[in-house]
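Take a look at the structure set out below.
Residue numbers (my numbering): -18 to 55.
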(Lines of atoms letter the chains of each structure in order from A and count residues from 1; the text may use other names and numbers.)
(Lines give C-alpha, C1' and ligand atoms only; values in the text may rest on other atoms or scores of the structure.)
Protein backbone atom coordinates (compact mmCIF):
# COMPACT_ATOMS: atom_id res chain seq x y z
CA UNK A 1 0.00 0.00 0.00
CA UNK A 2 1.56 3.36 -0.99
CA UNK A 3 2.24 5.94 1.68
CA UNK A 4 -0.11 8.94 1.38
CA UNK A 5 1.62 12.15 0.41
CA UNK A 6 1.82 15.29 2.51
CA UNK A 7 -0.39 18.15 1.27
CA UNK A 8 1.50 20.94 -0.50
CA UNK A 9 1.86 24.52 0.59
CA UNK A 10 0.09 26.64 -2.04
CA UNK A 11 -0.27 30.33 -2.84
CA UNK A 12 -3.70 31.85 -3.39
CA UNK A 13 -2.81 34.43 -6.02
CA UNK A 14 -5.97 36.55 -5.73
CA UNK A 15 -5.59 36.94 -1.96
CA UNK A 16 -1.78 36.76 -1.83
CA UNK A 17 -1.93 34.24 0.98
CA UNK A 18 -0.32 30.89 1.61
CA UNK A 19 -2.69 28.00 2.30
CA UNK A 20 -2.89 24.25 2.65
CA UNK A 21 -5.90 21.95 2.26
CA UNK A 22 -6.27 19.36 5.01
CA UNK A 23 -9.21 16.96 5.12
CA UNK A 24 -11.09 19.05 2.56
CA UNK A 25 -10.69 22.31 4.48
CA UNK A 26 -8.44 25.21 3.51
CA UNK A 27 -6.21 26.77 6.16
CA UNK A 28 -4.77 30.20 5.36
CA UNK A 29 -1.29 30.66 6.79
CA UNK A 30 -0.41 34.30 6.19
CA UNK A 31 0.48 36.94 3.63
CA UNK A 32 2.65 35.89 0.68
CA UNK A 33 4.25 38.87 -1.04
CA UNK A 34 4.03 38.77 -4.82
CA UNK A 35 7.64 39.91 -5.14
CA UNK A 36 8.85 36.81 -3.26
CA UNK A 37 8.06 34.54 -6.20
CA UNK A 38 7.57 30.84 -5.60
CA UNK A 39 9.50 30.61 -2.34
CA UNK A 40 7.19 31.11 0.67
CA UNK A 41 8.02 33.74 3.30
CA UNK A 42 9.47 32.39 6.54
CA UNK A 43 6.32 33.02 8.68
CA UNK A 44 4.11 31.21 6.14
CA UNK A 45 6.54 28.28 5.96
CA UNK A 46 6.70 28.10 9.77
CA UNK A 47 2.89 28.12 10.07
CA UNK A 48 2.69 25.36 7.43
CA UNK A 49 5.34 23.24 9.19
CA UNK A 50 3.56 23.60 12.54
CA UNK A 51 0.13 22.73 11.13
CA UNK A 52 1.44 19.72 9.18
CA UNK A 53 3.28 18.45 12.26
CA UNK A 54 0.07 18.59 14.33
CA UNK A 55 -1.87 16.93 11.52
CA UNK A 56 0.64 14.08 11.08
CA UNK A 57 0.98 13.52 14.84
CA UNK A 58 -2.78 13.13 15.11
CA UNK A 59 -3.04 10.41 12.39
CA UNK A 60 -3.77 12.86 9.56
CA UNK A 61 -6.64 14.48 11.42
CA UNK A 62 -6.62 17.90 13.03
CA UNK A 63 -7.09 17.88 16.79
CA UNK A 64 -10.29 19.53 17.84
CA UNK A 65 -9.40 22.89 19.27
CA UNK A 66 -12.15 23.90 21.61
CA UNK A 67 -11.94 26.82 23.99
CA UNK A 68 -11.19 25.77 27.57
CA UNK A 69 -14.19 25.34 29.81
CA UNK A 70 -14.63 28.05 32.35
CA UNK A 71 -16.67 27.83 35.49
CA UNK A 72 -18.28 31.12 36.50
CA UNK A 73 -17.35 32.28 39.99
CA UNK A 74 -20.12 32.93 42.48
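Beta carbons: idealized from backbone N, C-alpha and C, even for Gly. Since the structure is predicted, the reported quantities are computational estimates derived from the model, not experimental observations.
Minimum C-alpha distance to residue i - residue among the options
i: residue 7; options: -11, 39, -16 and 23; result: -11
i: residue 15; options: -4, 9 and 30; result: -4
i: residue 5; options: 30, 42 and 26; result: 42
i: residue 20; options: 28, 1, 38 and -8; result: -8
C-beta atoms of residue i and residue j nearer than 8 Å
i: residue 36; j: residue 3; result: yes
i: residue 26; j: residue 13; result: no
Alpha-carbon to alpha-carbon, residue j and residue i
i: residue 22; j: residue -6; result: 14 Å
Three-state class that DSSP yields for residue i in the structure shown
i: residue 32; result: helix
i: residue 38; result: helix
i: residue 118; result: Residue 118 cannot be examined here, being either before or after the span of the chain that is shown, -18 to 55.
i: residue 25; result: helix
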